[in-house]
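If you use the numbering used here, the sequence shown corresponds to residues 90 to 416, in order.
Worksheet: the structure to be examined is printed underneath.
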Amino acid sequence: MADNDKITELANRIYALDEKVYKATGSNLGRVYQGNKEKCINDLRDLLKSSADSSVLRSELALISNMARTTKKNPQLHKEIMHEYGEIFDEAMAMQEAREGNDIIDPEHAELNMSNLANRFGKDDNLIICIGRSYGCAGTDIGFKLADKLRISYYDVSIMNEILQRNEEHEETDRALFQNKTARTPAQWWRDFRKYHGLSRSDVQFFNTSKKLVDLAKQEPYVIMGRYADNILTKNHIPHISIFITAPKKLRIQRTYHTSKEKLTYKQAAKYVSKEDKAHLKRYAFYTGKKWGEADNYDLTINSSTYGIDGSVDLIMRIVAKNQLDN
90 MADNDKITEL ANRIYALDEK VYKATGSNLG RVYQGNKEKC INDLRDLLKS SADSSVLRSE
150 LALISNMART TKKNPQLHKE IMHEYGEIFD EAMAMQEARE GNDIIDPEHA ELNMSNLANR
210 FGKDDNLIIC IGRSYGCAGT DIGFKLADKL RISYYDVSIM NEILQRNEEH EETDRALFQN
270 KTARTPAQWW RDFRKYHGLS RSDVQFFNTS KKLVDLAKQE PYVIMGRYAD NILTKNHIPH
330 ISIFITAPKK LRIQRTYHTS KEKLTYKQAA KYVSKEDKAH LKRYAFYTGK KWGEADNYDL
390 TINSSTYGID GSVDLIMRIV AKNQLDN
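Now the structure itself:
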């Protein structure tokens, strides 16, 4: 079998396994590969061809695996699915390892030119701007002002959690679940794990957030802060602009020190900023397979200490206007 045929065959098997696991669990959390089947298959083919994206493929297979492991109530089906998963995983990893170091250029990155953003959006696509940011860089202020200037909806963790809470009956807040701010006892963790098809509530939150962001993108333009939105929308083939905002750590610590409601000491502020950075790195890598804050993963990165809040908003507005996306 020709190499391209093997890649296509394996991509179809991965897609079919995801569908099979989804149907077997009876879960309403959604599938890993959503949207148009042909596009999903093409995306999988691209991942299988590139050794650079091995971590992304591993993360996606891990999500399928996590869901598959919840089929233990049907031993025969569970054995069948896990055997199939094992074969697919081994073949996929072997295929990528064989290509180690062969890539010269990433075609997708080569096409990410800010002056050509208009070509990314169809006439029926809403303008979606995803903003990631490091703690203390004023990214939230920038995102809020940007949405206001564009006159489009704005979503951050608080707003998104409030929306999701209306559809869920949780004893703990979604913020605690998503960002692990509230400690849980082993008994509470196990109860939550069993409640949602064996998935942790953090994974459930990720699926629920993913579905909501995709649904919203079909209804309206918006600015979304964090929530792995750039990766979620990319996987669902929804056009968007991805931006990362940061600033020198010293300045971020100073801003946290001066603006914290808790009246932190400078030392406490420094510790808190470092803790937030590490947490973001860990969670982003887990759910996306990518490195949080790395310029290669975004259309635009901004040092807010250079432009300030209003200057950063104006910079983004100029890019949007240049591409005639503000109509």
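Ideal Cβ placement from N, Cα and C applies to all residues, glycine included.
Remember, it's a predicted structure, so these values are computed and weren't measured experimentally.
Judged by DSSP in its simplified three-state form, Y111 adopts helix.
Taking every protein chain shown into account, the CB of T114 has 16 or more other CB atoms within 10 angstroms, so this residue is buried. In the three-state reduction of the DSSP assignment, S291 falls in the helix class, which pools H, G and I. Apart from sequence neighbours up to five positions away, the residues of its chain that approach A236 with a beta-carbon distance below 6 Å are Y243, V312, ordered along the chain. Looking only at M171, S394, M249, R147, the smallest Cα-Cα distance to Y317 is reached by M249. Residue state for I177 is assigned as helix, using DSSP reduced to three classes.
Within the same chain, and ignoring the five residues on either side of N325 in sequence, the residues whose Cβ sits closer than 6 Å to its Cβ are Q123, G124, V303.
In the three-state scheme derived from DSSP, where H, G and I count as helix and E and B as strand, Y387 is classed as coil. In the DSSP secondary-structure assignment, V312 is bridged to I218, Y243. Distance between K371 and K168, taken at the CA atoms: about 31 Å.
In the three-state reduction of the DSSP assignment, T395 falls in the helix class. Around the CB of N320, 16 or more other CB atoms lie within 10 Å, so the residue is classed as buried. Within the same chain, Cβ atoms closer than 8 Å to the Cβ of I177 are found at L99, R102, I103, L106, L150, the five residues on either side in sequence being excluded.
The residue among D213, A207, K138, R158 with its C-alpha nearest the C-alpha of E180 is K138. The criterion of a C-beta distance shorter than 8 Å is satisfied by S401 and I231. DSSP, reduced to helix, strand and coil, places F296 within a helical segment of the structure shown. Counting the other Cβ atoms within 10 Å of the Cβ of T395 gives fewer than 16, which makes it exposed.
Shortest Cα-Cα distance from I153 to any of S393, Y174, T354 involves Y174.
Membership of F333 in the beta strand (DSSP E) is indicated by the continuous run 330-335. Rounded to the nearest angstrom, the gap between the Cα atoms of I252 and A306 is 15 Å.
Closest in alpha carbon position to N392, among V362, I332, K380, is I332. When DSSP states are grouped into helix, strand and coil, F375 belongs to the helix group.
Burial of G225 is indicated by the presence of at least 16 other C-beta atoms within 10 angstroms of its C-beta.
The C-alpha of A384 lies about 13 Å from the C-alpha of A336. The alpha-carbon separation between L166 and H369 amounts to approximately 37 Å. Just measuring C-alpha positions, the residue of M156, K234, K212 sitting nearest N412 is K212.
Between the alpha carbons of Y111 and R120 lies a distance of about 6 Å. By the C-beta density criterion, Q308 is exposed, having fewer than 16 other C-beta atoms within 10 angstroms.
Judged by DSSP in its simplified three-state form, K364 adopts helix.
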